[in-house]
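Trainee: Here my numbering is used: position 227 in the sequence shown is 227, and no number is missing along the way.
We treat Cβ as the ideally placed atom computed from N, Cα and C, and that holds for glycine.
The structure displayed is predicted, hence computed values, not measured ones.
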Amino acid sequence: MISFFLIASIASPLCAQSYPNKPIRFILPYAPGGAVDTIGRIVAQKLADGLGQAVVAENRPGAGSTIGTEIAVKASPDGYTIVIGSASITISPSLYRKLRYDATRDLAPISMVALGNQVFLVHPSLPVNDVKELVAYAKANPGKLNFGSGGMGNPGHLALELLKSTAQIDIVHVPYKGAGPAMIGLVGGEVSMLASSIPAAIPHIQSGKAKALALLGDERSALLGNVPTSKEAGMDNWVVASRYGFLAPAGTPREIIDRLNAVWTKSAAMPDTREKLKNVGVEPLTSTPEQYGEFLKTEIARWGKVIREANIKSFD
C-alpha cells in the first residue's frame, strides 16, 4: 500500500511536467462563426502557442450549449479535453429539466478568458432618452411596450427580464429565432427594446435606427464612450456582463489546471490577444480557478431566481 501511494504521488508531478504530449481537444458548444466560437478559437491558438502543442477547436453545438458541455463532462480528466463556458453554462441548470450534469460538480474551472458587455437599445420612436425615462414611460403604459430577444431563455431575454423585475415594469417578451432577427425586429419597429452585443448594435446606433440607453456591464465601452453604464443610469442591480471562461472535466489534476491557467494568464497580457478579442467586442480577462468557480455558483443562483420569477418554462 505504501508503494502504491508513493508511486501515485510521484506520477502526478511527472505527468504535469510532460503535459501536453499530444493535441488537446477544445470543445466549442456552438456553431461556427458566432462570437463564442471566435473567442474560443482565439483562446485555443494562444494556448497552443504557449504550450507548444496543438489545441484543436471542435464545434459541438446544440441545446443551448448543453450537448457540447456534456461531451466535455464525460471526457477523461487527463487535461486533453477542455470546453469554453459562456452565460449559457450558468443559465442551463434552471432552463433544462433533464440536464445530465452539474456544472459546479462535474467540471473543473480553469480561468475566465473574456469580458463581454451588452448594450440596451430602444427604437428611436420611443420618447425616452435614458433608462429612468424608459422606466417611467413603461410604468405609465403597462403592458404596451415589448422587447425582443434571440430566443426564450437566452442572455438577451434574461437581461430584460431582470430589468422587468428590478424596475417593476410590465413589458412583453417577443422571442425571435436568433439575435439577427431580433435586431431586425427592433430597427423595423416590431419591438420597442432589445439587449444586444456591442458589435451587432453599433451600425444601427450610428445609422440612427436604434438608440443606446445603457451598457449593462460594470464599465463603459471604448466603442460606445458616451453611453453610460446601467449603474450610472440609476439601476444598480441591473448589471449583466458576460464572462467567458474555460473548464476541464472534474478530476483533472490540479497541476494541469494550474499549467493551463498560467499559459492563459500570460497570453491575455499580450497586445495581439487584446486586439483580437477587442474585434469581437470583448476584453481579455483572467482569474484563478477558484474565482471562476465562485462566479459560476453565484451566476447559476442569480439566473435561477430570474427564471423562476419570470415563470419561464424549462425545456426537456
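Do you know offhand how far residue 26's Cα is from residue 176's?
Mentor: 30 Å
Trainee: Contact between the segment 234 to 251 and the segment 107 to 125 is defined here as three or more beta-carbon pairs at a separation below 8 Å; is this criterion met?
Mentor: By the C-beta criterion, the segment 234 to 251 is judged to be in contact with the segment 107 to 125, since at least 3 inter-stretch pairs fall below 8 Å.
Trainee: If you draw a straight line from the C-alpha of residue 77 to the C-alpha of residue 261, how long is it?
Mentor: For residue 77 and residue 261, the distance between alpha carbons rounds to 16 Å.
Trainee: List, from N- to C-terminal side, the beta strand (DSSP E) runs of 3 residues or more that fit wholly inside the segment 119 to 179.
Mentor: Taking only runs of at least 3 residues, the beta strand (DSSP E) segments lying wholly in the segment 119 to 179 are 145 to 149 and 171 to 175.
Trainee: Quick one: is residue 236 buried, meaning 16 or more other Cβ sit within 10 Å of its Cβ, or exposed?
Mentor: The Cβ neighbour count for residue 236, taken over all protein chains shown within 10 Å, is under 16; the residue is labelled exposed.
Trainee: Please work out which residues of its chain come closer than 6 Å, Cβ to Cβ, to residue 11, disregarding the five sequence neighbours upstream and downstream, and give them in chain order.
Mentor: Per-residue confidence for residue 11 stands at a pLDDT of 47, beneath the threshold of 50, marking its modelled position as unreliable; the derived number appears in the next sentence. Cβ within range, chain order: n/a, list empty.
Trainee: Between the alpha carbons of residue 40 and residue 264, how many angstroms are there, rounded?
Mentor: 12 Å
Trainee: Mind the definition here: the segment 124 to 131 touches the segment 101 to 113 only if three or more C-beta pairs lie below 8 Å; say whether that holds.
Mentor: no
Trainee: Note down, one range per segment and in chain order, each alpha helix (DSSP H) of at least 4 residues found wholly within the segment 230 to 274.
Mentor: 254 to 268
Trainee: Can residue 63 and residue 54 be called in contact, C-beta distance under 7 Å?
Mentor: No, these two residues do not count as a Cβ contact at 7 Å.
Trainee: According to DSSP, simplified to helix, strand and coil, what is residue 43?
Mentor: Assigned with DSSP and collapsed to three states, residue 43 falls in helix.
Trainee: Tell me whether residue 76 sits in a helix, a strand or coil according to DSSP, three-state version.
Mentor: coil
Trainee: Determine the direct distance from the alpha carbon of residue 131 to that of residue 233, and round the result to whole angstroms.
Mentor: So the alpha carbons of these two residues sit roughly 6 Å apart.
Trainee: Could you tell me the distance, in whole angstroms, from the CA atom of residue 18 to the CA atom of residue 316?
Mentor: 42 Å
Trainee: Do you know how far the Cα of residue 292 is from the Cα of residue 299?
Mentor: 11 Å
Trainee: Checking 7 Å against the spacing of the C-beta atoms, do residue 310 and residue 161 come in under that value?
Mentor: yes
Trainee: Rounded to the nearest angstrom, what separates residue 20 and residue 79 at their Cα positions?
Mentor: 8 Å
Trainee: How would you write the range of the alpha helix (DSSP H) that residue 29 sits in, first residue to last?
Mentor: From DSSP, residue 29 is part of no alpha helix (DSSP H); its letter is neither H nor E.
Trainee: Rounded to whole angstroms, what's the CA-CA distance from residue 56 to residue 149? Just pull it up for me.
Mentor: 32 Å
Trainee: Could you give the residue range of the beta strand (DSSP E) that holds residue 283?
Mentor: Where residue 283 is concerned, the enclosing beta strand (DSSP E) stretches over 282 to 284.
Trainee: Within the same chain, show all residues whose beta-carbon is closer than 6 Å to that of residue 297, passing over the 5 residues directly before and after it, in chain order.
Mentor: 104
Trainee: What does DSSP give as the partner residue(s) for residue 193 in the beta ladder?
Mentor: 122 and 147
Trainee: Grouping DSSP H, G and I as helix and E and B as strand, with all else coil, what is residue 56?
Mentor: Here residue 56 sits in strand by DSSP.
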